[in-house]
Structure formats: structure tokens, C-alpha cells
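For my numbering, add 20 to where a residue sits in the sequence shown, where the first one is 1.
Cβ atoms here follow ideal geometry from the backbone N, Cα and C, with glycine treated the same way.
In what follows, a single structure is set out as C-alpha cells and then discussed.
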Amino acid sequence: MKLFIEKYLLKTNIWVALCFTGLFIFFQLGLYEKILSVWGIVFFGTLAIYNFSRIKTLNEFFQFHSEKRMQIILTYVGLFGTLIFVLLRGFELKTFLYLGVLGLVSFCYSLPFSGLGLRAIPFLKLFLIAFVWAGSSIGLLLVVHHAVFQHSLLFLSVFLFVIGITIPFDIRDSASDEKELKTIPQVIGIKNSKILALLSLILSGFFFYLEFREFNLLVISWFISLLISFVLISLSSIKKSDFYYSFWLEGTSLLPLLIYLALNLF
């Protein structure tokens with residue numbers, strides 16, 4: 021089972037696309053009506069960006085016989101899938117512009133060619149990931165539903181949540197990351213980085229509750245997810261396997277939806 025997950029979900033980035041889409045669906049089900057076409061945009065867009073970031077050279081991108089053939093194919097699948105769902109949905113101009121900005125930032129971050137991506141800029145990597153995830157989940161949802169300022173604290177909450185669950189990945193990669201990147205663990209150390217990650221989760225919960233000021237199903241689901249994430253981050257270390265980070269820790273972004281759906285059964 022583990023080998024199947026690694027080969028067909030993790031290496032293809034389908035897992036991260038599912039987790040990210042799940043985070044979007046969590047907010048959409050809790051706040052608005054279902055719009056399946058937007059789910060498709062989020063899923064295929066994530067699939068394209070993450071697979072694109074795995075391609076090392078520009079030549080590889082156009083050579084289907086290269087070692088990165090699966091990533092190249094899935095990048096094209098993601099791009100075409102995103103385009104199809106965008107055309108099916110249809111958006112107002114401001115939504116297209118918003119999607120365009122997010123797409124551009126994501127593309128510039130993911131550029132894998134010769135260190136051209138924004139992630140090569142010191143200190144920027146973590147905050148770009150958090151911004152894109154928050155902007156593409158709750159941010160996109162608010163733009164689509166003409167409520168940009170209605171749930172602004174949720175954007176901050178998701179931003180902090182993503183920072184919290186992303187720092188452990190930097191801890192995992194601290195030995196292999198170039199020193200010029202100046203990731204959080206490289207600057208403040210592994211122990212302090214874990215403290216910062218846990219603090220980010222606590223602040224995420226605070227702002228999430230502040231948005232609703234009651235313990236409804238959304239808040240309860242978010243708090244339970246934060247608690248599980250808290251435990252997983254506390255147990256993280258350089259010695260943990262890649263599977264621990266790529267499946268379990270990455271999967272924390274899917275937890276709010278799963279818990280929300282489970283609570284709705286009662």
C-alpha cells in the first residue's frame with residue numbers, strides 16, 4: 021500500500037493536488053454553495069504547478085522521453101484541465117485577473133530552470149508558498165463569491181496554517197538546501213523553527229475563531245485539524261522518512277474537510 025501511495029500519489033503530486041483541493045472545498049461547503057468547476061480549476065492548477073516545478077531544464081519540458089516524462093505529461097494534463105474548467109465555469113474580468121496574478125506568482129515561484137524561480141530568493145520561499153495557498157483557497161473563494169473583505173481573517177488563518185505545516189519541510193531539507201536560500205531552519209535553527217511552526221498554528225486557530233466568534237462545525241473541524249498538525253510537527257525531525265512529510269504532514273490540509281464531513285454525519 022505504501023509503495024502504491026508513493027508511486028501513484030506522491031511522485032505524481034496527485035496527493036498534494038487532492039489535499040489542496042480539499043482545503044478549498046472545506047471553505048466552500050462551509051461558507052457557500054458547491055461549484056464543481058472551481059474544484060477542477062484548483063485541482064488541475066495545483067497538479068500543473070507542482071509537476072512543472074520538478075522539471076530541471078527547459079529541454080526536458082519538451083522531451084517526453086526524458087526521465088521526467090511523467091511530470092511533463094501531468095504538467096500538460098494540469099494545464100489543459102485548468103483551461104477546460106475555466107472555460108466551463110466562465111468568470112468575471114476581475115476573477116480572471118485574480119487567477120492570472122496567482123498563476124503568474126505560482127509559475128515564477130516554480131520555475132525550475134537554472135535557479136530562476138522566486139524560491140531562489142533568500143527568505144522568500146516559505147512566505148510565497150503560504151501566500152499562494154491562502155490566495156488560491158480562501159482568497160479565490162472570496163473573489164468568486166464577491167466577498168473579498170467578508171472573511172479576511174480566514175485568509176490570515178490559512179496563511180499561518182500553511183507556514184506552520186511548511187516549516188517542517190524546510191527542516192527536512194535543511195541539510196540539502198543551499199545556504200544562500202536562508203530558510204527558517206538555516207537562520208534560527210531546527211528547534212526554534214519547530215517552535216515557530218507551532219506558534220503559527222496557534223495563531224491560525226486564534227484568527228479562525230475570531231472570524232466566527234463561536235464554535236460552529238467549521239471552527240471545530242479547524243481546531244481538530246490544528247491539534248493533529250501540532251502533534252505531527254512536534255514529532256517531525258531530520259530522521260523522519262520522506263513519506264512522513266509528503267503523505268502525513270502534507271495530508272493535514274485535507275483534514276479540515278474530512279473532519280467537517282464526518283461531523284456532519286452526526
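Between residue 154 and residue 121 the beta-carbon gap is near 13 Å, outside 8 Å, which marks them as no contact. Assignment of residue 209 by DSSP, reduced to helix, strand and coil, places it in the coil class. In the three-state scheme derived from DSSP, where H, G and I count as helix and E and B as strand, residue 193 is classed as coil.
Residue range 275–283 is occupied by the alpha helix (DSSP H) that includes residue 280.
Cβ neighbours of residue 248 within its own chain (closer than 8 Å, five residues either side excluded): 272 and 275. Take the alpha-carbon of residue 163 and the one of residue 52: they are about 12 Å apart. For the pair residue 114 and residue 67, the Cα-to-Cα distance works out to about 24 Å. The three-state secondary structure of residue 244, taken from DSSP, is helix.
Within 10 angstroms of the beta-carbon of residue 190 lie 16 or more other beta-carbons, which makes it buried. With respect to residue 45, residue 277 sits close: the two C-beta atoms are nearer than 8 Å. For residue 173, the CB contacts under 8 Å within the same chain, skipping 5 residues up- and downstream, are 227, 228, 230 and 231 in chain order.
Look at residue 214 here: in three-state DSSP terms it is helix.
The beta-carbon distance between residue 204 and residue 218, rounded to whole angstroms, is 13 Å. This is too long to meet the 8 Å contact definition. A residue is called buried when at least 16 other Cβ atoms come within 10 angstroms of its Cβ; residue 128 does not meet this threshold and is exposed. Contact check for residue 240 and residue 285: beta-carbon distance about 14 Å, past the 8 Å limit, so the pair fails to qualify. Burial of residue 265 is indicated by the presence of at least 16 other C-beta atoms within 10 angstroms of its C-beta.
The continuous stretches of alpha helix (DSSP H) do not include residue 268, and DSSP gives it neither H nor E. Counting of Cβ neighbours within 10 angstroms places residue 170 among the exposed residues, the total staying below 16.
For residue 91, the enclosing alpha helix (DSSP H) has its first and last residue at 89–109. DSSP places residue 170 outside both helix and strand once states are collapsed to three, so it counts as coil.
Rounded to whole angstroms, the separation of the alpha carbons of residue 262 and residue 252 is 13 Å.
Per DSSP, the continuous alpha helix (DSSP H) segment holding residue 72 begins and ends at 56–72. Where residue 50 is concerned, the enclosing alpha helix (DSSP H) starts and stops at 34–51.
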